[in-house]
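Line by line, the protein sequences give chains A and B. Numbering-wise (numbering that gives the first Met the number 0), the first sequence opens with residue 0 and increments by one. Numbering-wise (numbering that gives the first Met the number 0), the second sequence opens with residue 0 and increments by one. Just so you know, even glycine gets a beta-carbon here, dropped at the ideal spot from N, CA and C.
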Amino acid sequence: MPLIKDGKIARDPWTRVAADAPPPDDDALLVPYEIWKEHRDELLTRNGRLGVLLASDHPPQLIAEDLDRLDLVALEFPTFKDGRAYSYARLLRERFGYDKELRAVGNVLRDQFSFMHRCGFDAYECADATAADGWAKALSEISQVYQPSTDRRRTIGALRHQRPASRTDSAVPAAEIVCSSWAY
Amino acid sequence: MYRYDEFDQTFVDERVAQFRDQVARRLTGEIPEDAFKPLRLMNGVYLQLHAYMLRVAVPYGVLSSRQLRQLAHISRRYDKGYGHFTTRQNIQYNWLKLEDVPDVLADLAAVEMHAIQTSGNCIRNTTADQFAGVAADEIEDPRVYAEIIRQWSTLHPEFSFLPRKFKIAVTGAPNDRAAIKTHDIGIGIVQNAAGETGFEIFVGGGQGRTPVVAKRIRGFLPKRHLLSYLEAILRVYNQLGQRANIYKARIKILVNTVGIEEFTRLVEDEWQYLKDTALDLPAAEIERINAYFAPPAYDTLAHDDPAYEEKRLTDPVFARWARTSVHAHKKPGYAIVTISLKPVGGIPGDATAEQMEAVADLADRYSFGELRVAHEQNLVLADVRQRDLHALWQQLQAHGLATANVGLLTDIIACPGLDYCNLANARSIPIAQRISERFADLNRVHDIGRVTLNISGCINACGHHHVGNIGILGVDKKGTEYYQVTLGGSADENTEIGKIIGPAFDEHQIVDAIETIIGTYLEIRKNGESFIDTYRRVGLSPFKETLYATH
Numbered sequence: 000m001p002l003i004k005d006g007k008i009a010r011d012p013w014t015r016v017a018a019d020a021p022p023p024d025d026d027a028l029l030v031p032y033e034i035w036k037e038h039r040d041e042l043l044t045r046n047g048r049l050g051v052l053l054a055s056d057h058p059p060q061l062i063a064e065d066l067d068r069l070d071l072v073a074l075e076f077p078t079f080k081d082g083r084a085y086s087y088a089r090l091l092r093e094r095f096g097y098d099k100e101l102r103a104v105g106n107v108l109r110d111q112f113s114f115m116h117r118c119g120f121d122a123y124e125c126a127d128a129t130a131a132d133g134w135a136k137a138l139s140e141i142s143q144v145y146q147p148s149t150d151r152r153r154t155i156g157a158l159r160h161q162r163p164a165s166r167t168d169s170a171v172p173a174a175e176i177v178c179s180s181w182a183y
Numbered sequence: 000m001y002r003y004d005e006f007d008q009t010f011v012d013e014r015v016a017q018f019r020d021q022v023a024r025r026l027t028g029e030i031p032e033d034a035f036k037p038l039r040l041m042n043g044v045y046l047q048l049h050a051y052m053l054r055v056a057v058p059y060g061v062l063s064s065r066q067l068r069q070l071a072h073i074s075r076r077y078d079k080g081y082g083h084f085t086t087r088q089n090i091q092y093n094w095l096k097l098e099d100v101p102d103v104l105a106d107l108a109a110v111e112m113h114a115i116q117t118s119g120n121c122i123r124n125t126t127a128d129q130f131a132g133v134a135a136d137e138i139e140d141p142r143v144y145a146e147i148i149r150q151w152s153t154l155h156p157e158f159s160f161l162p163r164k165f166k167i168a169v170t171g172a173p174n175d176r177a178a179i180k181t182h183d184i185g186i187g188i189v190q191n192a193a194g195e196t197g198f199e200i201f202v203g204g205g206q207g208r209t210p211v212v213a214k215r216i217r218g219f220l221p222k223r224h225l226l227s228y229l230e231a232i233l234r235v236y237n238q239l240g241q242r243a244n245i246y247k248a249r250i251k252i253l254v255n256t257v258g259i260e261e262f263t264r265l266v267e268d269e270w271q272y273l274k275d276t277a278l279d280l281p282a283a284e285i286e287r288i289n290a291y292f293a294p295p296a297y298d299t300l301a302h303d304d305p306a307y308e309e310k311r312l313t314d315p316v317f318a319r320w321a322r323t324s325v326h327a328h329k330k331p332g333y334a335i336v337t338i339s340l341k342p343v344g345g346i347p348g349d350a351t352a353e354q355m356e357a358v359a360d361l362a363d364r365y366s367f368g369e370l371r372v373a374h375e376q377n378l379v380l381a382d383v384r385q386r387d388l389h390a391l392w393q394q395l396q397a398h399g400l401a402t403a404n405v406g407l408l409t410d411i412i413a414c415p416g417l418d419y420c421n422l423a424n425a426r427s428i429p430i431a432q433r434i435s436e437r438f439a440d441l442n443r444v445h446d447i448g449r450v451t452l453n454i455s456g457c458i459n460a461c462g463h464h465h466v467g468n469i470g471i472l473g474v475d476k477k478g479t480e481y482y483q484v485t486l487g488g489s490a491d492e493n494t495e496i497g498k499i500i501g502p503a504f505d506e507h508q509i510v511d512a513i514e515t516i517i518g519t520y521l522e523i524r525k526n527g528e529s530f531i532d533t534y535r536r537v538g539l540s541p542f543k544e545t546l547y548a549t550h
């Protein structure tokens with residue numbers, strides 16, 4: 000499955016451990032949560048890099064204690080309609096302070112890149128190899144955002160409260176108070 | 000009313016360009032229908048029985064005359080010259096061609112409108128009291144908070160793929176005209192003991208196949224916490240709501256499964272992390288939005304206009320219309336007018352392009368160029384001088400818009416049903432038409448008095464049958480349309496779910512059945528008692544007896 004990082008097809012150095020096979024001795028192992036749960040102590044003694052793959056019914060609280068040892072967390076979208084991982088991603092980034100690779104896997108589509116990016120994903124396994132070509136457009140075609148999220152983009156609300164008092168729209172009074180708490 | 004600034008305008012323009020590109024890719028076959036479906040749904044485009052349907056968002060039901068003229072123009076240019084106002088305060092076009100939809104969206108964007116999030120498992124159009132800002136019983140204007148919620152929920156990155164659709168309603172008055180307890184989240188503006196205004200929050204209401212009255216999750220939420228609290232509720236639901244079975248995916252099922260106490264605990268826990276963050280709603284932002292909804296330049300008038308009183312005394316037809324269509328306004332000498340879109344034999348909520356243009360002109364002449372869509376599928380002119388009411392009424396008559404039945408039996412709420420909708424089991428529109436023809440005599444309808452009659456063509460309950468005083472639900476029994484009747488529902492501050500009265504009726508029996516129910520009520524009502532009051536006093540049995548004795 001092609002991996003997209005920073006809008007480009009990237010080489011994937013991670014080996015995914017199959018559910019029924021013992022962990023191979025590769026450098027970077029991506030371990031499904033069921034195997035992680037069973038072999039956690041043993042896996043943590045390895046020198047190589049470790050990642051955990053969470054299915055959509057695995058909330059990130061399950062691995063919260065181990066995050067400082069992980070270099071990859073992969074969150075699965077079994078179908079694009081299952082949006083649980085958007086919340087999981089935000090919890091990982093904002094509540095648990097996870098700052099390594101956060102990868103979207105499963106039914107990952109170009110038209111969801113922007114939402115995923117805003118929730119803190121920075122890597123995408125996408126069946127459609129041409130999706131990388133649409134990456135820049137997918138992230139820029141809607142240029143402003145209304146609500147704060149993990150990406151800490153300045154919201155429309157923040158921009159409004161910081162712009163100069165002159166306005167073309169006379170229906171709006173000049174309540175131009177800069178409000179720091181609304182802005183990131 | 001709210002006006003787009005350059006940020007809002009840029010946003011909708013970019014959104015039109017994005018969808019134009021997606022439609023182009025669909026029409027060349029680059030995107031197959033199954034991949035295109037979620038993209039079109041996020042722009043309000045459904046594929047119905049006969050054609051594409053576009054649902055246009057009318058945020059909390061507020062429209063300018065300019066916007067209504069554009070809606071008329073769209074219906075004429077791209078559709079069949081009419082539109083259908085819905086129970087979600089939106090408007091739908093039923094006969095569009097897919098290749099025209101980007102142009103329709105561009106025409107909407109030109110008047111600060113869009114169709115975003117009118118479909119799909121996301122936060123839908125936030126609805127509000129259609130009398131917002133002018134009702135005498137209002138604590139504060141709910142449109143301010145509905146607009147703040149609209150902006151926050153627009154393309155929310157975390158909540159665009161929820162387990163199921165999500166509807167929020169806001170009321171600013173103790174008399175609930177926005178049916179907040181039938182919504183996923185209902186918000187009431189309240190005052191606490193210290194005299195501060197804030198929000199009472201209800202969660203887990205809904206209709207559909209499992210009707211549930213929303214439960215209170217918080218008695219008083221200070222204003223600045225509105226968005227963080229909503230985000231906490233949505234985050235709990237997004238993670239724990241059922242996804243395997245769409246009939247169990249609404250938040251009401253989750254709330255019922257875990258219990259309101261546990262659900263409240265989960266939300267409050269989550270909220271501890273979200274409050275006092277960037278989601279905090281500063282007073283300056285509330286003020287900024289509030290300024291858009293500043294009252295118009297009212298004249299200083301006497302309380303009761305003598306000319307209006309005189310016309311009512313001398314013109315009984317006008318007086319009859321005024322009794323149902325004219326409501327108390329908070330400003331002396333002004334009135335709120337509901338325009339019935341329920342003529343005898345008509346399709347509830349439909350308006351032709353000519354009617355829309357006429358109402359736009361009347362809004363300009365008599366009501367500061369603004370109007371509202373009510374969830375009962377009527378239109379509202381909110382700021383009419385009492386002295387202008389007679390002239391307004393005459394002009395409404397000329398356009399078939401002066402039916403004096405608002406709030407009465409023939410002010411029927413009905414979904415599009417099997418005539419348009421591919422979810423429906425039975426037709427709703429012809430049943431509504433036949434009932435309104437049977438009860439065409441306005442004197443009789445006025446004698447019957449206040450009663451709500453709601454019709455849904457399937458269990459999804461878009462026609463709000465569960466909360467009609469009389470509810471009719473279309474069902475399919477081995478290929479034949481049948482109609483199940485419920486009594487006792489209500490959608491106000493005393494929200495109740497109606498009870499099924501007995502075996503369903505076929506399409507030839509249903510109108511007689513309604514007549515029998517009304518006849519029974521007239522027999523047993525006490526002085527001045529409305530239908531729902533009588534029902535609450537006597538229950539189902541008298542109605543059951545007369546209904547099934549004759550069958």
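Assign residue i to one of three DSSP states: helix, strand, or coil.
{"i": "residue 74(B)", "result": "helix"}
{"i": "residue 187(B)", "result": "strand"}
{"i": "residue 15(A)", "result": "strand"}
{"i": "residue 82(B)", "result": "strand"}
{"i": "residue 326(B)", "result": "strand"}
{"i": "residue 110(B)", "result": "coil"}
{"i": "residue 216(B)", "result": "strand"}
Evaluate residue i with the Cβ neighbour count: other Cβ atoms within 10 Å of its Cβ, from every protein chain shown; 16 or more gives buried, anything less gives exposed.
{"i": "residue 494(B)", "result": "buried"}
{"i": "residue 559(B)", "result": "Residue 559(B) lies beyond the residue range present for chain B, which begins at 0 and ends at 550; the question has no answer from this structure."}
{"i": "residue 155(A)", "result": "buried"}
{"i": "residue 60(A)", "result": "exposed"}
{"i": "residue 170(A)", "result": "Unreliable placement is indicated for residue 170(A), whose pLDDT of 40 sits below 50; no coordinate value is reported for it."}
{"i": "residue 268(B)", "result": "exposed"}
{"i": "residue 128(A)", "result": "exposed"}
{"i": "residue 0(A)", "result": "exposed"}
{"i": "residue 271(B)", "result": "exposed"}
Using the C-alpha atoms, what's the distance from residue j back to residue i?
{"i": "residue 66(B)", "j": "residue 1(B)", "result": "12 Å"}
{"i": "residue 398(B)", "j": "residue 294(B)", "result": "29 Å"}
{"i": "residue 539(B)", "j": "residue 531(B)", "result": "11 Å"}
{"i": "residue 120(B)", "j": "residue 163(B)", "result": "4 Å"}
{"i": "residue 130(B)", "j": "residue 335(B)", "result": "8 Å"}
{"i": "residue 40(A)", "j": "residue 69(A)", "result": "13 Å"}
{"i": "residue 215(B)", "j": "residue 240(B)", "result": "19 Å"}
{"i": "residue 146(B)", "j": "residue 59(B)", "result": "8 Å"}
{"i": "residue 366(B)", "j": "residue 358(B)", "result": "10 Å"}
{"i": "residue 17(A)", "j": "residue 51(A)", "result": "12 Å"}
{"i": "residue 219(B)", "j": "residue 90(A)", "result": "27 Å"}
{"i": "residue 182(A)", "j": "residue 122(A)", "result": "Only weak support is given to the placement of residue 182(A): the predicted model assigns it a pLDDT of 33, under 50, and the question is left unresolved by the model."}
{"i": "residue 63(B)", "j": "residue 113(B)", "result": "14 Å"}
{"i": "residue 148(B)", "j": "residue 79(A)", "result": "25 Å"}
I'd like to check one pair, residue j with residue i: are the Cβ atoms closer than 8 Å?
{"i": "residue 491(B)", "j": "residue 175(B)", "result": "yes"}
{"i": "residue 125(A)", "j": "residue 149(A)", "result": "no"}
{"i": "residue 413(B)", "j": "residue 454(B)", "result": "yes"}
{"i": "residue 473(B)", "j": "residue 425(B)", "result": "yes"}
{"i": "residue 170(B)", "j": "residue 179(B)", "result": "yes"}
{"i": "residue 112(A)", "j": "residue 63(A)", "result": "no"}
{"i": "residue 118(B)", "j": "residue 207(B)", "result": "no"}
{"i": "residue 157(B)", "j": "residue 86(A)", "result": "yes"}
{"i": "residue 433(B)", "j": "residue 514(B)", "result": "no"}
{"i": "residue 497(B)", "j": "residue 467(B)", "result": "yes"}
key: the stretch 76-87 of chain B contacting the stretch 361-377 of chain B, beta-carbon criterion three pairs below 8 Å   = Using a C-beta cut-off of 8 Å, the stretch 76-87 of chain B makes contact with the stretch 361-377 of chain B, since at least three inter-stretch Cβ pairs fall below that distance.
ask   = Three or more C-beta pairs closer than 8 Å, one from the stretch 35-53 of chain B and one from the stretch 332-352 of chain B: is that the case here?
value = The stretch 35-53 of chain B vs the stretch 332-352 of chain B: no contact.
Inter-stretch contact at 8 Å, needing at least 3 Cβ pairs: the stretch 465-482 of chain B / the stretch 386-403 of chain B = Taking a cut-off of 8 Å on C-beta distances, the stretch 465-482 of chain B does not touch the stretch 386-403 of chain B, as fewer than three cross pairs fall below it.
message = Is it the case that the stretch 25-39 of chain B contacts the stretch 312-326 of chain B, given that we only count it when at least three CB pairs across the two stretches are under 8 Å?
response = Taking 8 Å as the limit for Cβ pairs, the verdict is that the stretch 25-39 of chain B does not touch the stretch 312-326 of chain B.
ask   = Taking three-plus beta-carbon pairs below 8 Å as touching, is the stretch 415-430 of chain B in contact with the stretch 379-393 of chain B?
value = No, the stretch 415-430 of chain B does not touch the stretch 379-393 of chain B.
Given 8 Å, three or more beta-carbon pairs between the stretch 263-278 of chain B and the stretch 185-195 of chain B = No, because fewer than three Cβ pairs between the stretch 263-278 of chain B and the stretch 185-195 of chain B fall closer than 8 Å, the two stretches do not touch.
inquiry  = Check whether the stretch 243-261 of chain B and the stretch 295-305 of chain B touch, using three or more Cβ-Cβ pairs below 8 Å as the test.
reply    = The stretch 243-261 of chain B, when compared against the stretch 295-305 of chain B, does not touch it at the 8 Å Cβ threshold.
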